[in-house]
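Throughout the sequence shown, residue numbering follows mature numbering (1 follows the signal peptide of the UniProt record, and there is no 0), covering -19 to -1, 1 to 537 in sequence.
Glycine included, C-beta positions come from ideal geometry on N, C-alpha and C.
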Amino acid sequence: MKMNRIILILMLFVSSLLAGCYGGESKKSTSEEKPNSSVDDNSSEQVLNLVEGGELPTLDTLGLFDALSSRTMNNIFEGLYRLDESHAPIPGMAESHELSEDGKVYTFHIRSDVKWSNGTPVTAKDFEYAWKKAINPETLSTYSYLFNDIKNAAAIQDSENSLFGKVEEFGIKAIDDHTFQVELDHPVPYFLSLITYPVFFPQNKEFAESQGDKYALEVENLIYNGPFVLDSWEHEVGWVYKKNPDYWDADTVKLDTINVKVVKEAATRVNLYDTGKIDLTEITSEFIDQYASTPDYSTLLKPEVFFIRMNQNNKYLANVNIRKAIDMGWDKKAAAESLLNNGSVPATYLVPKDFAFDESGKDFRAKYQGFNEEGVEKAKEYWEKGLKELGVEKMELEFLSYDSEERKRVSEYFKNQLETNLPGLTITINQQPNKQKLELESSMQYDLTYSGWGPDFQDPITFIDLYLSDGSYNWSNYVNENFDRLVMEAKMNPTDTAKRWENMQEAERILIEEDAAISPMYQSGLAQLKKPYVKGYIAHPFGVFASYKWTYIEGK
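Given below as structure tokens:
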């Protein structure tokens, strides 16, 4: 099943998995001021001008793989629930829901006045169609595993199970046009947050099938049910949103137009900002000192972690001592604070800090601040031990990396540090455009790769279950039965919250401290410039990443 999922991913890329502009005013903030519902729409032209660092990868909610696509989909489509200004799930296409006493059956009531941009009503059948399509082995979504808490979802995707391919056994049902029922295998405390993610959005069967292979390839091959529609999309150049007059909550939406330019060069983005052609942009380390004292400048720490994947199909990297040496053999602090200089912090963990908290408000990171922090001298001990076990004196490894200027600097620093600190090691950097990098990474055609992850929903499991033995994104052939057991216990027994937390913390410790399956690099910061007349810009720390529904222009 893992290979089937990988094949579906190959034509996508993660250009903005860990990119994009957030609306914070400090390192702790992830949203702007509350929207002003009384704003005079005529006081300023309601046009927002944005920039992205890469092409929009996909508009097919079932082909989603990256943050940019997720952010776009959140503004042109809507699911049963959506994230509000405080990142909590609120009713979207569903006006309400009921939950059974055992916490396993959700009954959603679809609004009577919601419709697609072609005038067709949005119904419960649109959700049933899209969700079944997502887990059908013939049309499997890249995020099909997110459905696995729903009754029979995992079995339907398992080629060795008697329910394989039998989507009619999936635990969802459109009872009528306005009633959608979901039966879970077990209570899921974050379920409403989970279904705000675009893979849970509806699709209209009649329209989707009428488009065939062209579905979602261009703006005319889509219909929309969100606050905005895509008016145009010029590939590799940009796209334009227009307000959706048929959106059920159109009165809340103030922006008429959002123009998005694709600009890969950091200096060009800054110039566009300075000349008033864009209203918001991320800036990279070389511009920090120039703008840090200006009122438009802000930073924040994002719940995203970059790390080095180590492909255990490689005979050298199959050795745990070699992996530990690589993990400890370089200065992560200097990379985060000097090379990036954008609010990033060094990471020796996978689950970010300031992201997930238990019932008492304690950060997930409280028990283990990090792992494998012994430093270069300990790395050299592991290195010598690993070389001896392998019977070699030197080795060559290829490091697959992004092609951006910023990531190039970090990659070269990583190479130089390890080659200096681990005698006999030679690293060759292979920089690739995002699409090609993903193809190589997902098919495990690499030795080391510069990777990262941002959360789909607000729970540590969205990071930890990446490395299940049969996980969709376990692209390094990592296998540990004890790790798998702990993760599955955390997933299947959510009611004992203390035990669940303990299981996830121990699983993360095994992954990094014991097995060095990855080498965490840094938790990503973001430095940005934002015009003071941009109000109500909501940036979410997980999942859909940004909402333009409440954004408006005032005082320009």
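What is the DSSP secondary structure of residue i, counted as helix, strand or coil?
| i | result |
| --- | --- |
| Q162 | strand |
| P475 | coil |
| Y459 | coil |
| S51 | helix |
| R92 | coil |
| K512 | coil |
| L298 | coil |
| Q27 | coil |
| A328 | coil |
| N411 | strand |
| N323 | coil |
| E13 | Reliability fails at E13, whose pLDDT of 43 lies under 50, so the model's placement of it is uncertain and no value is given. |
| Y394 | helix |
| Y529 | coil |
| F464 | helix |
| Y503 | strand |
| V69 | The residue you asked about is not Val; residue 69 is Ala in the sequence shown. In the structure shown, A69 sits in coil (DSSP, three-state: anything other than H, G, I, E or B). |
| P179 | helix |
| L127 | helix |
| Y254 | helix |
| Y87 | strand |
| V148 | helix |
| A231 | helix |
| I259 | coil |
| S18 | Here the model assigns S18 a pLDDT of 46, short of 50, so the residue's position is not dependable and the matter cannot be decided. |
| I519 | strand |
| S174 | helix |
| S450 | coil |
| T430 | strand |
| L64 | strand |
| I307 | helix |
| E36 | coil |
| I493 | helix |
| L419 | helix |
| G536 | coil |
Do residue i and residue j have their C-beta atoms within less than 7 Å of each other?
| i | j | result |
| --- | --- | --- |
| residue 580 | T532 | Since the displayed the chain opens at -19 and closes at 537, residue 580 lies outside it and no answer follows. |
| Q184 | Y110 | yes |
| S274 | Q439 | no |
| P441 | A299 | no |
| L492 | Y448 | yes |
| S122 | V180 | yes |
| A306 | L371 | no |
| G367 | N302 | yes |
| F523 | R52 | no |
| N129 | E150 | no |
| V251 | E36 | no |
| V286 | A328 | yes |
| D212 | V218 | no |
| I153 | W214 | no |
| residue 545 | F288 | An answer regarding residue 545 cannot be provided, because it is not within the stretch -19 to 537 covered by the chain. |
| P437 | S450 | A quick correction: the sequence has Asp, not Pro, at residue 437. For D437 and S450, no; Cβs fall outside 7 Å. |
Between which two residues does the alpha helix (DSSP H) holding residue i run?
| i | result |
| --- | --- |
| Q486 | T478 to R490 |
| D270 | S266 to Y272 |
| A135 | A134 to Q138 |
| V286 | First-last for V286: Y278 to M291, but that is the beta strand (DSSP E), not the alpha helix (DSSP H). |
| L371 | V357 to L371 |
| F58 | No alpha helix (DSSP H) contains F58, which DSSP labels as neither H nor E. |
| I116 | A105 to I116 |
| E141 | Careful: E141 lies outside any alpha helix (DSSP H) and carries neither H nor E. |
| E340 | That residue, E340, is in no alpha helix (DSSP H); it is neither H nor E in DSSP. |
| A189 | K186 to Q192 |
Measure the beta-carbon distance from residue i to residue j and round it to whole angstroms, keeping in mind my assumption that it falls under 8 Å.
| i | j | result |
| --- | --- | --- |
| K223 | T238 | 6 Å |
| E386 | A247 | 7 Å |
| T160 | G60 | Rounded, the Cβ-Cβ distance is 16 Å, inconsistent with contact. |
| I264 | A520 | In fact, because the Cβ distance is near 16 Å, the residues do not count as touching under 8 Å. |
| L419 | Y427 | L419 to Y427, Cβ: 11 Å. No contact. |
| residue 594 | L282 | This structure gives no information on residue 594, because the portion of the chain shown stretches from -19 to 537. |
| K359 | M309 | 6 Å |
| W229 | D94 | 6 Å |
| T262 | Y272 | Contact flag wrong, Cβ pair sits at about 10 Å. |
Ends of the beta strand (DSSP E) at residue i?
| i | result |
| --- | --- |
| Q439 | It is not in any beta strand (DSSP E) - Q439 carries neither H nor E in the DSSP assignment. |
| A197 | Neither: A197 is in no beta strand (DSSP E) and is coded neither H nor E. |
| T238 | T238 to V243 |
| F209 | F209 to E215 |
| V221 | G219 to K224 |
| E377 | M376 to Y383 |
| E79 | A75 to L80 |
| A155 | I153 to D157 |
Of all Cβ atoms in chain B, is any one closer than 7 Å to the Cβ of residue i?
| i | result |
| --- | --- |
| F161 | The question asks about chain B, but that chain is absent: this structure has only one protein chain. |
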